[in-house]
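Read the structure below first, then the notes.
Residue numbers (the working numbering), protein chains in the order written: chain A, 84 to 483; chain B, 150 to 349; chain C, 201 to 406; chain D, 235 to 511.
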């Protein structure tokens, strides 16, 4: 706005209240004001009415804010609501676009046309009469091409994507990616050995979810390892499943493992059984099987829900060695206290990546590991900086 | 004792399920299948009234917004899996749902579950509890670090990490026990209040 | 083609939803809103499909007289009654549908999970053992929290609720936060692989 | 048979009977333990107290009857609190089974405070889609919910006058028994749109939400039946949750006794008579 325009606006802004008062007296303004009502004194007006484009949005919105009337939360305590009016010119007619309750000092105009300048008028009302109006300077809405409050997410996302993709590529090229030995896997081997010594079968429970759950997929990979050991030791392996698809997947996996171990003849598909889809029905079925077969080692690997403790309790009462692995946070505590060894959350996925050597799994695991390392570095740096009063980093981590 | 037939039905259902505690039996199985059937019937009615009608019928036939034909068609493709020849088409809606869901989730998870958590860990109020918290976050993160063998400093860090994990699991254990007991209290309140009328 | 088209759909849908987070301007904002609405429509069909699958399993069991086929009759009949009640007379409060919900669905569902209180009690007697240092720590923390969170704890020692709150707000919170960050990294990398078409397991099989 | 072995062989049905008694006796003969209010519950209460009358609050019923003893009392207390402060409730659900529960709790409270459907509260019902439902509500409520749960067009309901998106909502409370639930409301509602979000959750999931509380992503939280009981106390009344607290205490005591007792024999007898054969 040029200099002349600005002074014109200033002129109108100072003259406008007078114009409105004249209107009200002559009865031209809204019906809310009638000169001879019982409340002779209208509430004092709000001040500092400001309007500006809502930043970082798709356009079409202007935020209007003001300082509350002296009679709102103080003074005469008479304000009931604020009326918000809008016009494209100061001299033009202001039309009400909304109202807010007393105590609120902000309103969002959601119907502005981008690029059109609007003037906003705010008046306090006590339900009978209206205060003098206050008018904002002109404001227009616009849309933005980049959300400036979200740069941190963009950087973090780009970095993590880069790392994951980089390591997947490396793994596909056949580069050796180091993964530390997972203690739980040694426990798995040992349990199979102990069951063999006792001359008892092994039971493997793959959870109650279907093959579309990543925990079930990880479970199948670990089943491959267990089956191989079982084949080598010539120990019977029972796999009760709660989904028919999991049953076929388990049969495939076990058959392959027996083939690898050079004992295809020892494979018995009937030991890998589908029981039922029902959660508690399955738990009761597995319980019965445990009591009949008395396995020497029981594995619980996959997604478990409330049935976990029913299974683990019965397994414990049969005296079997129990090894569990799941990423269900609410079931892990029960497994930790009722089993001899438990793979916790990500350890389950790490174990399956370690065993399968699948580039996708290995590369992602590695990429996430780097993500963790960077998080640790930022945390350490941030905590030190902040405790020395340098809180810039907190600001940078704030997303809007 | 209640004279409301609805309450009596509910009591029979309750006792039928509780009979599982004695052992798995036909009454329990009956109730269990009744439960699955009723919940499926519930879904049918709810998806119809809150899904098909407002999300498809009204936009298409009342508002004549034919843009909705696209997702409608995509949705119908789900059923192509019942026809072997066209079964591959059922991947299209799945692809859309997975893609859109993943795209929406990525920034949301980065923000709420990573960046905001790191920000929350940094504070300038220096108390014992704060130090306990910071050490805990760092140590637990290092426990789930798989690229180095847990030796030397990493061994100490992950050892501290497992302590925090176990304390956290203990809290979950305690809260889960609390939740299960609450559910039993709820049923006991129903039997004692609504049926027998001996408490209020 | 059979694989390319779904990969393309996933990529476009995912990218639009992802990019709009950073670019609020049109046309991204509009496509974003449109995809939101489309998603809700497609989701309706996904739910119907889920129901259809279960109905199929049980009608097959009934037709083949598979084990427990009698129970499949119970299931299908109750499904029919509940469905007809809701479709025919609406789901408004006070109707027949609502009556079935409160007098059958509600008691069945809540009793099913109340069973767990009994199993927790028996497992705490028969299975939860301090067999390792870790399990001991877990049980100790569990007992403190269980006492701290109920009025009984306050009665035993008036600082117990404070101790329970402290465990929840600091050590527990710290461990949970690190686990949350770890899981979040995993979900983001899986989602990324799905959008970019590297992860294709969902295309396999059915 | 030694004592240890005999104790181990104890029929679990005896334990079932004991836990049943631990719950039933305190319900019939209340002890009257005092209930202390914890900070997250207090914060949630204050978040509602701080709202201006007439503000709209979303209460999302993301739970089902299986967790009713824990969450339904929260739902009732919240509805009563909102109506007592003249707030308007926009009810909805990310779980299909939550719809009748939200409706019943709101109707009950509305009767008590003389509020009417469509003016002071509405139940928008269920939409499938989880996280996308939240983002869709954030952008456009009438397009997401053209009708309420029973098929009335929302354009005819006065409470929805001028309601377009999250700009017209002051507070969101998710009553959540799992996913989708609090997580989605925090990620989209709080993270992406900057709304204030509060939660009422089952005790099972409560420990996992403490990071959100600490980072200010949740304004307050009720956890489990105890959380509900605390809220009832803040509302200066009593309800099913606070009446259940004595039973909760006794049952906890019994379970802790079981754990300690069994572990004592386990540790004593481990060397001589291994618990496991």
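For every residue, glycine included, the Cβ atom is placed at its ideal position computed from N, Cα and C.
By a beta-carbon distance limit of 8 Å, residue 335 of chain D contacts residue 306 of chain D. Their separation comes to about 6 Å. Between the stretch 232-245 of chain C and the stretch 215-223 of chain B there are three or more C-beta pairs closer than 8 Å, enough to call the two in contact. Against chain D, the beta carbon of residue 412 of chain A has neighbours under 8 Å at 442, listed in chain order. The alpha carbon of residue 236 of chain A has as its nearest neighbour, out of B:243, B:265, B:180 and B:202, the alpha carbon of B:265.
Under the three-state reduction of DSSP output, residue 224 of chain C falls in the coil class, being neither helix nor strand.
With a contact defined as Cβ atoms closer than 8 Å, residue 314 of chain B and residue 276 of chain B miss out at about 23 Å. With respect to residue 438 of chain A, residue 305 of chain A sits close: the two C-beta atoms are nearer than 8 Å. For chain C, the residues of the stretch 459-493 of chain D that bring a beta carbon within less than 8 Å of one of its beta carbons are 460, 479, 480, 482, 483, 484, 485, 486, 487, 488, 489, 490, 492 and 493, in chain order. Rounded to the nearest whole angstrom, the C-alpha separation of residue 184 of chain B and residue 459 of chain A is 48 Å.
Residues of the stretch 385-410 of chain D that bring their beta carbon within less than 7 Å of a beta carbon in chain A comprise 396, 398 and 401, in sequence order. For the stretch 265-277 of chain C, the beta-carbon criterion of a distance under 8 Å to any beta-carbon of chain B is satisfied by 268, 271, 272, 274, 275, 276 and 277.
DSSP, read as helix, strand or coil, puts residue 325 of chain D in strand. Contacts between residue 263 of chain C and chain A, judged by CB atoms closer than 7 Å, are missing: the closest CB pair is about 16 Å apart. The beta carbon of residue 227 of chain B sits closer than 7 Å to the beta carbons of 239 and 242 from its chain, once the five residues preceding and following it are set aside; these are given in chain order. The beta carbon of residue 405 of chain A lies closer than 6 Å to those of 381, 398, 422 and 423 in the same chain, with the five residues before and after it left out. Closest in C-alpha terms to residue 407 of chain A, from the list A:401, A:197, A:246 and A:395, comes A:395. In the pairwise beta carbon analysis, the stretch 485-501 of chain D is classified as touching the stretch 318-337 of chain C: at least three pairs are separated by under 8 Å.
Chain-ordered, the chain A residues with CB closer than 9 Å to the CB of residue 319 of chain B read 416. Taking 9 Å as the Cβ-Cβ cut-off, the stretch 338-352 of chain C approaches chain B at 338, 339, 340, 341, 342, 343, 344, 345, 346, 347, 348, 349 and 350, given in chain order. The stretch 315-324 of chain A makes contact with the stretch 266-279 of chain A: 3 or more CB pairs, one atom from each, lie closer than 8 Å. In chain order, 352 and 356 place their CB closer than 6 Å to the CB of residue 391 of chain D, counting only its own chain and leaving out the 5 sequence neighbours on each side. Using a C-beta cut-off of 8 Å, the stretch 330-343 of chain B makes contact with the stretch 311-318 of chain C, since at least three inter-stretch Cβ pairs fall below that distance. Here residue 419 of chain D carries a helix assignment [DSSP, helix/strand/coil].
Note that the C-beta distance between residue 211 of chain C and residue 219 of chain C is not below 8 Å. The C-beta distance from residue 325 of chain B to residue 437 of chain D rounds to 7 Å, short enough to fall under 8 Å. Under a criterion of Cβ atoms nearer than 7 Å, the residues of chain A adjacent to residue 286 of chain D are, in order, 184, 186 and 187. Contact check between the stretch 278-286 of chain B and the stretch 427-434 of chain A: fewer than three CB pairs, one atom from each, fall below 8 Å, which does not count as touching. Nearest to residue 327 of chain A by C-alpha distance, out of A:340, A:343, A:307 and A:294, is A:294. Counting C-beta pairs with one atom in each stretch, the stretch 172-189 of chain A and the stretch 227-247 of chain A have fewer than three that are closer than 8 Å, which means they do not touch. Annotation note: the stretch 371-427 of chain A contains the following uninterrupted beta strand (DSSP E) runs of length 3 or greater, listed N- to C-terminal: 380-386, 404-409 and 424-427.
Rounded to whole angstroms, residue 352 of chain A and residue 286 of chain A show a C-alpha spacing of 14 Å. Only those residues of the stretch 291-311 of chain B whose C-beta falls short of 7 Å from the nearest C-beta of chain C are listed: 293 and 311. The beta carbon of residue 438 of chain D falls within 8 Å of a beta carbon belonging to chain A, placing the residue at that interface. Residue 234 of chain C is outside the set of residues whose beta carbon lies under 8 Å from a beta carbon in chain A. Take residue 456 of chain D, set aside five residues on each side of it, and the residues of its chain with a beta-carbon closer than 8 Å to its own are 274, 275, 278, 308, 433, 434, 435, 462, 464 and 465, in chain order. Cβ atoms of residue 185 of chain A and residue 143 of chain A stay farther apart than 8 Å, at about 27 Å.
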